[in-house]
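Encoded as C-alpha cells, the structure appears first; notes follow it.
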Amino acid sequence: MIPPRKTDLLPLPLAIAACRRTWTERDDLLRLAVVPLALSFALNLWVWHAYGDVFAALGRGEMPTPEMADAMLLPTLFVGLASWFATSVFAVNWMRVLLLGHGAVAGLGLAIDRRHIRFTMLAFLTQLVLGFGFMLAFMLVALLLPSMAMLLVIGVVLMLFYVMVLLRLAPLWVGIAIDAPLAFKQAWQRTSGYGMQLLAAVVLISLTIMVGQTVLQIILGVLGLIQAAPMAMLFISLVIQFILTACVCAVFVLAYPRFVSETV
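Okay, here's the thing in C-alpha cells:
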C-alpha cells in the first residue's frame, strides 16, 4: 500500500473542510451539544452566583481572602471536571456521527458507555501528565532566562508543542470513539510527519473563531449588551467553545483515514 503524501493534509484546505463539515452536519451538532451545553451553562451559572462577591472583588482589582479562595477550590474543581466530562461525551458522540453516520448516536447522545469513560479518563490523564511536564520545562526556562520577552516566546513555543503532541494522538481519540482503539505508540507512529499540518489547521480554526468572538464582544460591548445581560454573553462564549471543539474533532475525523491506511 502506498502511503498518502503529506501534501494530502495541507493545513488551510483541512481547516476549511473541517469547518464546512461542521456546518453541513449542524443539525447533529445541535442535537448532540444541547445537553452538554446546558449542563456546562448551568454549572457556570451556579459558580457565578455562588461566588458573585469574589468575582466582584476581582473586577475591582482586589484579591480574595485566603478563606474565600479555599472555599472556592473544591466547587470550582467539581465544576471543571463535570464540564470536562460533558465536553468529552459530546466529542465522542460527534466523532461517531461524523465517521459512522447519523444513526451511530441515538437521541440526544445521553447513553454513556465505556467509550465515553475511556475517552474522558485517557484525555484527562494525558493532558495532566503533559501539562505537568511542560510546566516543569517552563519553570526551568524561567530560571535560566531573565528576559521576559524571551520567556514569553518560549512559553508560546512550549504551548504550541503541547498542543501538537495532543494532535499527534488524533487516531487514538477517534479510535476510542468508533470502537477501533489504538495504542499510544501506534497513534504516535501513524501521525509521524503530520504534526505541523495538524497544528497549523487547528491554529487557523482557533484564531478565526477567536477573532470572530472578539469582534462580537466588541460590538456587544459598544451596544452595552454585555453589561445588561452578562449571562447571555456567558452562554454565547460556551456555544463558541463547543463549535471550536466540533471543528477540531472534524479535523481529527477528516485526517483519520490517512493515518489508518498507512503501513507503519
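Residue 386 in this note's numbering sits at position 108 of the sequence shown; the count goes up by one each step and never skips. Glycine included, each C-beta is placed from N, C-alpha and C at the ideal position. Computed from a predicted structure; not experimentally measured.
- Counting only runs of at least 3 residues, the segment 401-436 fully encloses no beta strand (DSSP E) element at all.
- From the listed residues R446, L460 and A455, the smallest Cα separation to S470 is found for R446.
- Assigned with DSSP and collapsed to three states, T300 falls in helix.
- Within 10 angstroms of the beta-carbon of Q475 lie 16 or more other beta-carbons, which makes it buried.
- When C-beta atoms of the segment 488-503 are compared with those of the segment 415-431, fewer than three pairs fall below 8 Å, so the two segments do not count as touching.
- The alpha carbon of I395 has as its nearest neighbour, out of Q467, S366 and P289, the alpha carbon of S366.
- Look at T398 here: in three-state DSSP terms it is helix.
- Residues of the same chain with a CB within less than 6 Å of the CB of F412, apart from the 5 flanking positions on each side, are L436 and Y440 in chain order.
- In this structure V357 is in contact with L321, their Cβ atoms being roughly 5 Å apart against a cut-off of 8 Å.
- Within 10 angstroms of the beta-carbon of G453 lie 16 or more other beta-carbons, which makes it buried.
- Shown here for L522: same chain residues with a beta carbon closer than 8 Å to its own, the five before and five after excluded, namely I483, S484 and I487 in chain order.
- Shown here, G358 sits in a helix according to DSSP, grouped into three states.
- Take C297, set aside five residues on each side of it, and the residues of its chain with a beta-carbon closer than 6 Å to its own are C525, in chain order.
- When secondary structure is reduced to three states using DSSP, A478 falls in the helix class.
- Listed in chain order, the non-local C-beta contacts of M417 below 8 Å within the same chain number zero, local neighbours out to five positions each way being set aside.
- If you check the CB distance, L460 and P449 come in under 7 Å.
- Taking a cut-off of 8 Å on C-beta distances, the segment 308-322 does not touch the segment 500-507, as fewer than three cross pairs fall below it.
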